[in-house]
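In this text, residue positions in the sequence shown follow the working numbering: the first is 433, and each later residue adds one.
Worksheet for the structure shown next.
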Amino acid sequence: MTERKVLTCNRCGYSWYSKRIPKNCAKCKSPYYNKDRVKPQKKEPVIVLTEKMEEETKEINEMI
């Protein structure tokens, strides 16, 4: 007796029965139906100050 599994697409939400693990979603045909979406993390910009820039910043702060 073969076992039928209920599969659900993480992309379109479609659910279907299958005897084997398919390569694509039965409805939207996405090959990533069984993988969660990964949002790219936003990286904060890195500010690198040279020695000259640091000196100028100190001078400006002293003037204030």
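Glycine is no exception: its CB is placed at the ideal position from the N, C-alpha and C atoms.
Since this is a predicted model, take the numbers as computed values, not measurements.
Closest by C-alpha distance to residue i, when choosing among the options
i: residue 463; options: 440, 481 and 475; result: 440
i: residue 415; options: 459, 453 and 455; result: Here the chain covers residues 433 to 496 and nothing more, so residue 415 does not appear.
i: residue 452; options: 437, 465 and 485; result: 437
i: residue 457; options: 444, 477 and 472; result: 444
i: residue 465; options: 454, 473 and 472; result: 454
Where residue i sits in the DSSP three-state scheme
i: residue 489; result: helix
i: residue 467; result: coil
i: residue 437; result: strand
i: residue 484; result: helix
i: residue 494; result: helix
Proximity below 7 Å, CB of residue i to CB of residue j
i: residue 442; j: residue 468; result: yes
Residue i - partner residues in DSSP beta bridges
i: residue 450; result: 437
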